[in-house]
Amino acid sequence: MAGKSGGGISNIIIADNGSRDGSAQWLSGQRHEYVWFDEGTQGYGKLWNAVLENFETEDCIVFLEAGVYPEKRSLCALWTALQAEDVGIASPVTNFFFQEESGTISGREALSQVRRYNARNGNGKLYHKSLRSNWKMWAVRKDTLAKVGHFKEELKHPEEVLTDYSLRLIQSGLRQDVCRLACAYESFFRCSEVYKEAELWQSQDRIYMKMVWGMNYFNLRPNQSLVARIQEERDAEFTVLEVGCDLGATLYEIQDTFPGCTTYGIDINEAAVKIAKHLTQAEYGNIDELTIPFGEKFDYIIFGDVLEHLRHPEEVVAMCRGLLKEGGRIIASIPNVMHISVMEELIEGRFRYQDVGLLDRTHIHFFTYYEIMELFRKTGYKVEDIDGVTFPISEKEEKIMETLLALSDNTEAWMYKTFQYVVRARKQGLD
Numbered sequence: 001m002a003g004k005s006g007g008g009i010s011n012i013i014i015a016d017n018g019s020r021d022g023s024a025q026w027l028s029g030q031r032h033e034y035v036w037f038d039e040g041t042q043g044y045g046k047l048w049n050a051v052l053e054n055f056e057t058e059d060c061i062v063f064l065e066a067g068v069y070p071e072k073r074s075l076c077a078l079w080t081a082l083q084a085e086d087v088g089i090a091s092p093v094t095n096f097f098f099q100e101e102s103g104t105i106s107g108r109e110a111l112s113q114v115r116r117y118n119a120r121n122g123n124g125k126l127y128h129k130s131l132r133s134n135w136k137m138w139a140v141r142k143d144t145l146a147k148v149g150h151f152k153e154e155l156k157h158p159e160e161v162l163t164d165y166s167l168r169l170i171q172s173g174l175r176q177d178v179c180r181l182a183c184a185y186e187s188f189f190r191c192s193e194v195y196k197e198a199e200l201w202q203s204q205d206r207i208y209m210k211m212v213w214g215m216n217y218f219n220l221r222p223n224q225s226l227v228a229r230i231q232e233e234r235d236a237e238f239t240v241l242e243v244g245c246d247l248g249a250t251l252y253e254i255q256d257t258f259p260g261c262t263t264y265g266i267d268i269n270e271a272a273v274k275i276a277k278h279l280t281q282a283e284y285g286n287i288d289e290l291t292i293p294f295g296e297k298f299d300y301i302i303f304g305d306v307l308e309h310l311r312h313p314e315e316v317v318a319m320c321r322g323l324l325k326e327g328g329r330i331i332a333s334i335p336n337v338m339h340i341s342v343m344e345e346l347i348e349g350r351f352r353y354q355d356v357g358l359l360d361r362t363h364i365h366f367f368t369y370y371e372i373m374e375l376f377r378k379t380g381y382k383v384e385d386i387d388g389v390t391f392p393i394s395e396k397e398e399k400i401m402e403t404l405l406a407l408s409d410n411t412e413a414w415m416y417k418t419f420q421y422v423v424r425a426r427k428q429g430l431d
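Residue numbers 1 to 431, in the working numbering, belong to the letters of the sequence shown in order.
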């Protein structure tokens with residue numbers, strides 16, 4: 001961890017979180033100040049608070065996990081990012097965080113090259129607004145800590161501690177930025193026993209998070225597949241409605257990508273809407289009732305994994321024609337029930353519902369490629385683009401797919417390999 005003052009990096013504090021590999025003994029002989037928890041491994045809420053309580057923060061503090069190697073100018077770049085009045089937290093680009101927007105970080109030796117790449121590319125956009133930060137390396141201002149408070153010690157897993165803090169930041173009107181000029185390499189180094197307890201910590205933390213926030217899960221990641229299907233100039237002015245906006249992550253990403261865009265969101269989770277209201281024009285609403293709480297017409301209506309949850313998806317899509325401007329579009333991501341993993345289950349005589357995934361127990365309707373195309377054709381749309389998200393399949397699944405292809409004249413391999421379809425459909429005039 002590094003404290004940052006106006007004159008540079010003022011100190012480095014090493015916190016040893018109950019390790020059993022001799023780290024504490026080694027640290028005691030070093031020049032750096034350190035915190036050593038001798039009561040066993042502590043959760044991250046308590047760990048980070050202990051550092052804040054034991055050491056004075058001058059201007060900002062950078063939390064840096066063992067095994068993360070920042071490029072030499074990254075700490076100062078994060079400090080620069082925090083100078084914006086409404087930025088509370090700043091994170092770097094790493095090989096596991098936000099790399100889709102940067103050059104490839106293949107190792108520590110590539111960091112300077114990636115920094116130069118990011119400085120030249122992105123049309124001068126050095127900061128990217130985000131609803132989440134990388135718990136392995138992030139910087140926070142001292143006045144942010146004063147405004148938002150310290151970390152919840154009831155939470156132990158670092159990701160959950162930072163998720164809770166992210167929600168509190170949103171409520172406080174502060175944002176998080178990813179700084180493209182700050183780059184770091186994350187190794188697979190494991191420095192303590194903390195990782196052995198991570199799964200248990202996370203399950204315990206989710207119970208606490210549900211009690212505090214009233215939600216089962218917290219999606220702070222935008223659906224980039226939906227954002228990528230919006231074909232507009234960066235400075236264009238247009239309107240977007242997201243059905244099932246959740247916490248507002250995708251709409252927030254759209255706002256950052258297209259600053260002239262006006263966004264609206266509806267969701268049936270009132271707790272999520274309370275957070276989303278800080279980011280967009282969000283209201284509680286059930287689209288299955290074929291009404292929305294806005295009097296606007298939209299250039300885009302987006303459904304991110306929503307249509308399969310609706311009682312009346314065809315009626316909803318048809319109703320959206322009246323909500324779209326002339327030539328407006330629906331953009332939707334829809335899971336594919338024809339995926340080879342589902343076919344394998346059926347061949348084995350099973351169709352087991354799960355908490356998440358293709359057979360999510362909350363799915364009411366199931367779609368294949370042909371059913372998606374028919375849905376939009378019947379309701380007055382022309383599908384302009386349909387693409388798919390795929391993942392590697394097993395050798396057994398390959399053999400099953402080859403057998404199924406031989407039995408059908410109407411299917412192709414990509415129909416079995418596609419996990420999720422992403423479709424853009426344009427409103428057509430009625431005959």
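Every residue, glycine too, gets a C-beta built ideally from N, C-alpha and C. Please read all numbers here as calculations on a predicted model, not as lab measurements.
Ser172 places its beta carbon less than 7 Å from that of Val148. Under the 10 Å beta carbon count, Gln83 is surrounded by fewer than 16 other beta carbons and is classified as exposed. Here Leu155 is buried. Its C-beta has 16 or more other C-beta atoms within 10 Å.
Counting every other CB atom within 10 Å of its CB across the protein chains shown gives Glu109 a total below 16, marking it as exposed. For Phe367, DSSP records a beta bridge to Asn336.
Under the three-state reduction of DSSP output, Ile266 falls in the strand class. For secondary structure counted as the beta strand (DSSP E) over 3 or more consecutive residues, the segment 114 to 165 holds these complete runs in sequence order: 127 to 130 and 137 to 141.
About 6 Å separates the beta carbons of Cys261 and Phe238, which is inside the 8 Å limit, making them a contact pair. Runs of the beta strand (DSSP E) lying entirely within the segment 270 to 337, each at least 3 residues long, are 281 to 284, 298 to 304 and 324 to 335 in chain order. The alpha-carbon of Asn49 is positioned some 16 Å away from that of Thr163. Following the DSSP letters along the chain, one finds Ser91 inside the beta strand (DSSP E) bounded by residues Val87 to Thr94. Annotation for Glu199: the continuous alpha helix (DSSP H) segment containing it runs Ala198 to Trp213. For Asp235, the secondary structure class from DSSP, reduced to helix, strand or coil, is coil. Counting every other CB atom within 10 Å of its CB across the protein chains shown gives His339 a total of 16 or more, marking it as buried. Distance from Val68 to Met137 at the Cβ level is roughly 5 Å; contact confirmed, criterion being Cβ atoms closer than 8 Å.
Around the CB of Leu279, 16 or more other CB atoms lie within 10 Å, so the residue is classed as buried.
By the C-beta density criterion, Glu348 is exposed, having fewer than 16 other C-beta atoms within 10 angstroms.
Excluding residues up to 5 positions away in sequence, Leu307, Ile330, Leu375, Phe376, Thr379 and Tyr381 lie with their Cβ nearer than 8 Å to the Cβ of Val317 in the same chain. Between Arg426 and Gly327, the beta carbon gap of about 6 Å places them in contact (Cβ cut-off 8 Å). About 30 Å separates the CB atoms of Cys245 and Ala198; that is not less than 8 Å, and the two are not in contact. Secondary structure of Ala77 (DSSP, three-state): helix. In the displayed model, Ile400 falls within a helix according to three-state DSSP.
DSSP places Gly43 outside both helix and strand once states are collapsed to three, so it counts as coil. Per DSSP, Ala228 is one residue of the alpha helix (DSSP H) stretching across Gln224 to Ala228.
Per the coordinates, the alpha-carbon of Gly322 lies some 40 Å from the alpha-carbon of Pro392. Put simply, the segment 280 to 292 touches the segment 253 to 271. At least three CB pairs are less than 8 Å apart. Pairing Thr57 with Lys142 gives a Cβ-Cβ distance under 7 Å.
Taking C-beta atoms under 8 Å as the contact rule, Glu160 and Asp86 fail to qualify, at a distance of about 25 Å.
Straight across, the Cα-Cα distance linking Asp299 with Tyr44 is about 44 Å.
If you ignore the 5 residues before and after Val140, its C-beta comes within less than 7 Å of the C-beta of Cys60, Ile61, Gly88 and Ile89, all in its own chain and listed in chain order. Beta-carbon to beta-carbon, Tyr208 and Asp177 are separated by about 28 Å, too far to satisfy the 8 Å threshold.
Here Asn223 is buried, its C-beta having at least 16 other C-beta atoms within 10 Å. Boundaries of the beta strand (DSSP E) harbouring Ile386: Tyr381 to Thr390, taken from the DSSP string. Our two residues, Val212 and Ala182, have alpha carbons roughly 33 Å apart in a direct line. Beta-bridge annotation (DSSP): Ala50 is not paired with any residue.
Taking C-alpha positions only, Tyr369 is separated from Glu384 by approximately 14 Å.
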